[in-house]
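>
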Amino acid sequence: RKERLTAVLEIVSDNFTRTYAHLQPGGHGELKLENPKKPFEGGLEMWARPPGKASGLNLLSGGEKSMAALALIFAIQDYEPSPFYYFDEVDQNLDTFNAEATASLCKLRAQSAQFIMVTLRKVSLEMADHHIGITHAGDGCSRMITDFGREAAIEVGDAAYVEL
Amino acid sequence: RKERLTAVLEIVSDNFTRTYAHLQPGGHGELKLENPKKPFEGGLEMWARPPGKASGLNLLSGGEKSMAALALIFAIQDYEPSPFYYFDEVDQNLDTFNAEATASLCKLRAQSAQFIMVTLRKVSLEMADHHIGITHAGDGCSRMITDFGREAAIEVGDAAYVEL
Amino acid sequence: MHLVALELENFKSFKGEVTIPLSEGFTAVTGPNGSGKSNIGDAIQFVLGPKSSKSLRAQNLKQLIYNGGEKGRAAKFCKATLVFSNSSRNGGRRRLKLDADEVRLTRTIKLGRKDNINSAYHLNERPSSATEFRRLLTEAGARGDGYNIVLQGDVTQLAIMSGRARRRVLEDVA
Amino acid sequence: MHLVALELENFKSFKGEVTIPLSEGFTAVTGPNGSGKSNIGDAIQFVLGPKSSKSLRAQNLKQLIYNGGEKGRAAKFCKATLVFSNSSRNGGRRRLKLDADEVRLTRTIKLGRKDNINSAYHLNERPSSATEFRRLLTEAGARGDGYNIVLQGDVTQLAIMSGRARRRVLEDVA
Ligand SMILES: Nc1ncnc2c1ncn2[C@@H]1O[C@H](COP(=O)(O)OP(=O)(O)OP(=O)(O)O)[C@@H](O)[C@H]1O
Ligand SMILES: Nc1ncnc2c1ncn2[C@@H]1O[C@H](COP(=O)(O)OP(=O)(O)OP(=O)(O)O)[C@@H](O)[C@H]1O
Ligand SMILES: [Mg+2]
Ligand SMILES: [Mg+2]
Numbered sequence: 704r705k706e707r708l709t710a711v712l713e714i715v716s717d718n719f720t721r722t723y724a725h726l727q728p729g730g731h732g733e734l735k736l737e738n739p740k741k742p743f744e745g746g747l748e749m750w751a752r753p754p755g756k757a758s759g760l761n762l763l764s765g766g767e768k769s770m771a772a773l774a775l776i777f778a779i780q781d782y783e784p785s786p787f788y789y790f791d792e793v794d795q796n797l798d799t800f801n802a803e804a805t806a807s808l809c810k811l812r813a814q815s816a817q818f819i820m821v822t823l824r825k826v827s828l829e830m831a832d833h834h835i836g837i838t839h840a841g842d843g844c845s846r847m848i849t850d851f852g853r854e855a856a857i858e859v860g861d862a863a864y865v866e867l
Numbered sequence: 704r705k706e707r708l709t710a711v712l713e714i715v716s717d718n719f720t721r722t723y724a725h726l727q728p729g730g731h732g733e734l735k736l737e738n739p740k741k742p743f744e745g746g747l748e749m750w751a752r753p754p755g756k757a758s759g760l761n762l763l764s765g766g767e768k769s770m771a772a773l774a775l776i777f778a779i780q781d782y783e784p785s786p787f788y789y790f791d792e793v794d795q796n797l798d799t800f801n802a803e804a805t806a807s808l809c810k811l812r813a814q815s816a817q818f819i820m821v822t823l824r825k826v827s828l829e830m831a832d833h834h835i836g837i838t839h840a841g842d843g844c845s846r847m848i849t850d851f852g853r854e855a856a857i858e859v860g861d862a863a864y865v866e867l
Numbered sequence: 045m046h047l048v049a050l051e052l053e054n055f056k057s058f059k060g061e062v063t064i065p066l067s068e069g070f071t072a073v074t075g076p077n078g079s080g081k082s083n084i085g086d087a088i089q090f091v092l093g094p095k096s097s098k099s100l101r102a103q104n105l106k107q108l109i110y111n112g113g114e115k116g117r118a119a120k121f122c123k124a125t126l127v128f129s130n131s132s133r134n135g136g137r138r139r140l141k142l143d144a145d146e147v148r149l150t151r152t153i154k155l156g157r158k159d160n161i162n163s164a165y166h167l168n169e170r171p172s173s174a175t176e177f178r179r180l181l182t183e184a185g186a187r188g189d190g191y192n193i194v195l196q197g198d199v200t201q202l203a204i205m206s207g208r209a210r211r212r213v214l215e216d217v218a
Numbered sequence: 045m046h047l048v049a050l051e052l053e054n055f056k057s058f059k060g061e062v063t064i065p066l067s068e069g070f071t072a073v074t075g076p077n078g079s080g081k082s083n084i085g086d087a088i089q090f091v092l093g094p095k096s097s098k099s100l101r102a103q104n105l106k107q108l109i110y111n112g113g114e115k116g117r118a119a120k121f122c123k124a125t126l127v128f129s130n131s132s133r134n135g136g137r138r139r140l141k142l143d144a145d146e147v148r149l150t151r152t153i154k155l156g157r158k159d160n161i162n163s164a165y166h167l168n169e170r171p172s173s174a175t176e177f178r179r180l181l182t183e184a185g186a187r188g189d190g191y192n193i194v195l196q197g198d199v200t201q202l203a204i205m206s207g208r209a210r211r212r213v214l215e216d217v218a
């Protein structure tokens with residue numbers, strides 16, 4: 704059990720460092736066991752230093768923490784690749800720069816696996832290859848909007864949703 | 704102690720119903736004690752029904768839950784009004800329609816008390832009377848951007864932040 | 045292998061039959077708050093087999109059946125089908141170990157007498173089981189309970205959870 | 045009564061002296077992730093008196109002092125001043141029970157020997173205490189621990205907390 708965990712950690716930790724550096728250029732991230740000799744007696748720390756900052760997870764802002772967590776999610780996905788991925792509003796507290804970095808990493812990974820991303824952000828809608836609009840016309844019944852292309856989607860990201 | 708809680712609940716619950724109907728036109732919200740006879744033995748339920756939907760807090764979507772929680776926050780604030788308020792990214796998982804409803808309620812309340820709202824959303828930046836930009840030029844030191852007016856702020860909501 | 049379509053019938057806020065065609069590459073789903081976007085994620089997990097109904101944001105399976113909204117009639121059953129393409133393109137092996145170009149995984153729940161729920165699984169229209177689904181999907185790397193499905197709020201949870209909870213996440217992966 | 049300015053010195057990511065002028069009405073604060081927006085909220089709570097340093101997102105008070113970032117030098121003290129206008133406009137009474145048109149509330153922490161922290165309070169430049177601050181502010185309705193200050197994540201927490209936790213929120217209000 705201990706060997707399995709340390710073996711998995713070694714791979715996921717490398718993935719994490721690589722992906723964090725990709726999402727936050729100039730930053731550095733590491734996964735560290737609190738108690739490397741007895742891993743089951745301690746936790747797993749996600750240590751991240753955004754570019755230009757001092758280090759420490761508890762100093763990170765809301766958006767900086769999300770970027771570290773996203774790097775960890777991608778690191779775990781790389782350990783056990785899946786044919787398709789579903790992401791639900793992972794970009795909600797990111798500024799435009801970070802939302803763009805995240806969406807473009809999804810686009811890159813969408814070359815080898817299918818990515819379905821629920822998003823309200825214009826930046827992510829612009830990067831996507833295909834667009835699906837879901838609405839409920841006030842009666843509580845969900846329906847898909849047919850002929851919902853890129854233009855309509857980007858407009859949604861911009862305008863008040865009511866027009867849908 | 705019990706009289707105090709029931710008296711406060713009566714006022715806050717009325718505030719909640721009024722504010723929820725204002726934020727979600729056509730919807731209805733109520734605060735209910737799980738155990739009205741022995742309030743300290745049960746919890747306080749926030750019951751909300753968005754327009755056109757069946758009721759129940761656990762059915763609500765992420766954005767619908769946030770609108771109910773915001774109505775509760777305003778309801779508590781009305782019980783004990785303060786000269787100033789600070790809101791930190793309360794609009795992060797709202798669609799444009801709900802973000803607009805929230806920002807315009809803040810603007811309305813800003814006529815009688817000072818409102819300071821940290822936001823990344825264009826809709827909220829457009830509603831504000833004054834704008835403050837904060838940045839860290841890559842060296843980790845926060846500084847205020849002088850001469851940051853409405854136009855610059857709205858552009859920030861639109862463009863990638865890197866330009867800041 | 046990729047998800048070709050999602051066929052829903054009375055699943056949560058989707059009344060009646062609704063088919064959502066999907067493509068390879070990067071697909072964005074958008075719409076207003078409460079429109080039903082996250083219910084699509086719940087439908088995918090419902091078929092792939094999550095650890096518990098809690099992760100489908102429902103207190104019990106009954107809450108997955110269309111409840112009629114404010115004025116409509118509640119349905120008595122709901123169904124969700126994941127349609128996967130499974131071609132042996134480029135001469136490689138099929139990712140889902142089944143000799144078919146298209147694989148349909150269907151899960152149905154029906155409201156029985158006294159509110160009990162009957163759950164049924166079908167694989168290309170023939171009866172199947174949760175265990176067969178799980179075996180087939182795990183071999184293809186499409187787990188229902190891994191981080192290939194990131195639900196609303198998962199990122200924030202992962203960022204604020206304790207070190208011990210995060211270690212347990214990694215143990216699940218191992 | 046309203047906040048006229050926030051004067052920070054070596055408070056968290058704000059190196060040196062930074063003054064943020066504020067106006068009446070609706071003010072929006074924006075900027076990139078990690079720029080220091082929430083640190084402004086922490087500065088307000090630092091002076092108003094939160095229940096604990098945990099709500100200032102710091103494990104201890106030392107973490108509130110500018111740490112130099114990647115290449116700079118850490119400071120040895122930090123200071124935050126809330127400047128309130130307190131005029132008796134329209135002939136009414138002053139909201140803060142102090143006979144001054146402007147009220148400056150300053151809290152300072154200094155790093156002493158062996159990492160211990162000295163904390164000091166000043167009211168219009170004369171020595172004061174946390175208790176005097178709290179008495180003055182509570183009378184004016186500007187509590188440090190109420191929902192007049194809604195920190196990042198508070199809305200989501202309030203939406204997902206248990207019924208018992210929500211009852212306790214109401215008890216605090218009472
Ligand atoms: N069994 C059911 N029958 C009918 N409607 C249901 C059922 N279960 C959930 N709903 C409705 O589905 C809606 C929630 O949908 P969902 O969570 O998918 O929204 P969303 O599009 O993800 O919104 P957000 O952007 O706020 O996250 C709720 O309004 C709820 O009333
Ligand atoms: N004592 C300190 N000295 C220097 N920098 C600090 C200190 N404490 C926190 N920081 C820095 O402040 C930054 C966080 O700032 P803050 O949380 O205000 O960001 P924010 O603008 O709210 O971002 P977001 O939009 O992601 O919420 C972190 O990058 C952290 O390194
Ligand atoms: Mg959702
Ligand atoms: Mg913040």
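In the order they appear, the protein sequences are chains A, B, C and D. If you count the first sequence from 1, you need to add 703 to reach my numbering. If you count the second sequence from 1, you need to add 703 to reach my numbering. If you count the third sequence from 1, you need to add 44 to reach my numbering. If you count the fourth sequence from 1, you need to add 44 to reach my numbering. Even for Gly, the Cβ is constructed at its ideal location relative to N, Cα and C.
When the cut-off is 8 Å and only beta carbons count, does E854/B lie next to chain C?
Cβ-Cβ to chain C under 8 Å: no for E854/B.
> Measuring only between beta-carbons, confirm whether N761/A sits less than 8 Å from chain B.
No, because no Cβ of chain B sits closer than 8 Å to the Cβ of N761/A.
> Taking the straight line between their C-alpha atoms, what separation do you get for S769/B and S815/B?
So the two alpha carbons sit approximately 24 Å from each other.
> In chain order, what are the residue ranges of uninterrupted alpha helix (DSSP H) at least 4 long that sit wholly in the segment 86 to 154 of chain D?
Qualifying alpha helix (DSSP H) stretches: none in this window.
> How would you call Y864/A, buried or exposed, if buried means at least 16 neighbouring beta carbons within 10 angstroms?
Bear in mind that a pLDDT of 36 at Y864/A, under 50, signals an unreliable position, so the model cannot answer this.
> Would R101/D and N761/A qualify as a contact pair, given that the criterion is a beta-carbon distance under 8 Å?
It is a contact, given that the beta carbons lie within the stated cut-off.
> When you measure from the CB of V217/C to every non-hydrogen atom of ligand 4, does any distance come out below 7 Å?
No, Cβ of V217/C sits at least 7 Å from all heavy atoms of ligand 4.
> What separation, rounded to the nearest whole angstrom, lies between the Cα atoms of A831/B and T71/D?
Rounded to whole angstroms, A831/B to T71/D spans 6 Å at the Cα level.
> Measuring only from the beta carbon, is D143/C closer than 7 Å to any heavy atom that is part of ligand 4?
The answer is no for D143/C.
> Would you verify that the beta carbon of L712/A is, or is not, closer than 8 Å to some beta carbon of chain B?
Not closer than 8 Å to any Cβ of chain B, the Cβ of L712/A fails to qualify, so no.
> Check each residue's C-beta against every heavy atom of ligand 2 and list, in chain order, those closer than 5 Å.
The set, ordered by position in the chain, is K756/A, L762/A, S764/A, G765/A, G766/A, K56/D, S57/D, N77/D, G78/D, S79/D, G80/D, K81/D, S82/D, N83/D, Y110/D and N111/D.
> Check whether the segment 818 to 834 of chain B touches the segment 53 to 61 of chain D, counting contact only when three or more Cβ pairs, one atom from each stretch, lie closer than 8 Å.
Output reads no: the segment 53 to 61 of chain D does not touch the segment 818 to 834 of chain B.
> Any C-beta of chain B sitting closer than 8 Å to the C-beta of A724/A?
By this cut-off, A724/A is not an interface position.
> Taking 8 Å as the cut-off, decide whether the C-beta atoms of A751/B and L736/B are in contact.
Not closer than 8 Å, so no.
> At a cut-off of 7 Å, is V859/B close to ligand 4 when judged by its beta-carbon and the heavy atoms of the ligand?
No, Cβ of V859/B sits at least 7 Å from all heavy atoms of ligand 4.
> Examine chain C for any beta-carbon lying closer than 8 Å to the beta-carbon of L823/B, and answer yes or no.
No, its Cβ sits nowhere closer than 8 Å to a Cβ of chain C.
> Would you mind working out which of P753/B, A840/B, P754/B and Q780/B sits nearest A813/B, comparing C-alpha positions?
Ranking P753/B, A840/B, P754/B and Q780/B by Cα distance to A813/B puts Q780/B first.
> Is the CB of S845/B under 8 Å away from at least one CB in chain D?
For S845/B, the answer is yes, since a Cβ of chain D falls inside 8 Å of its Cβ.
> I want to check one thing, is the minimum distance from the CB of Q107/C to the heavy atoms of ligand 1 below 7 Å?
Indeed, a heavy atom of ligand 1 lies less than 7 Å from the Cβ.
> Rounded to whole angstroms, what is the Cα-Cα separation between S827/B and A724/B?
Going by the C-alpha atoms only, they are around 20 Å apart.
> Please confirm whether G843/A and G766/B have their CB atoms less than 8 Å apart.
Not a contact, by the Cβ cut-off of 8 Å.
> When DSSP labels each residue in this structure, what does S764/A get in the three-state scheme?
The answer is coil: DSSP assigns S764/A none of H, G, I, E or B.
> Applying a beta-carbon distance threshold of less than 8 Å, which residues of chain B neighbour D842/A?
Correct list: G755.
> Just to confirm, is the Cβ distance from Q107/D to G188/D under 8 Å?
Contact: no.
> In whole angstroms, what separates the C-alpha of L712/A from that of L214/C?
Taking the straight line joining both Cα atoms gives about 7 Å.
> In angstroms, rounded to a whole number, what distance separates the CA positions of H731/B and Q201/D?
In a straight line, the C-alpha of H731/B is about 21 Å away from that of Q201/D.
> Keeping to the same chain, check which residues put their C-beta closer than 8 Å to that of D173/C; ignore five residues upstream and five downstream.
Reading off the sequence shown, one finds Ser at residue 173/C, where the question assumed Asp. So the qualifying residues of the chain are Y165.
> What's the call for I893/B, buried or exposed, on a 16-neighbour Cβ count within 10 Å?
This structure does not reach residue 893/B, given that chain B is present from 704 up to 867, and the question cannot be answered.
> If you count every other CB in all the chains shown that lies within 10 Å of the CB of Q795/A, and 16 or more means buried, which is it?
Result: buried.
> Give the single residue among R179/D, L180/D, S79/D and V217/D whose Cα lies nearest to the Cα of Y191/D.
It is V217/D whose Cα lies nearest to the Cα of Y191/D.
> So with Cβ pairs under 8 Å, would you call A863/A a contact of chain B?
Annotation note: pLDDT 37 at A863/A (below 50); position unreliable, no value reported.
> Can you give the beta carbon distance from M45/C to N130/C, rounded, assuming they're within the 8 Å contact cut?
Yes, M45/C and N130/C are in contact; Cβ-Cβ is about 6 Å, under 8 Å.
> Which of the three DSSP states, helix, strand or coil, is assigned to G852/A?
It is coil, neither helix nor strand.
> Please confirm whether any heavy atom of ligand 3 lies closer than 7 Å to the CB of V821/A.
Because some heavy atom of ligand 3 lies under 7 Å away, the Cβ of V821/A counts as near it: yes.
> Under a three-way DSSP split, which group does A724/B fall into?
It is helical.
> Under the criterion of a Cβ to heavy atom distance below 7 Å, does G843/A qualify as lining ligand 1?
Because some heavy atom of ligand 1 lies under 7 Å away, the Cβ of G843/A counts as near it: yes.
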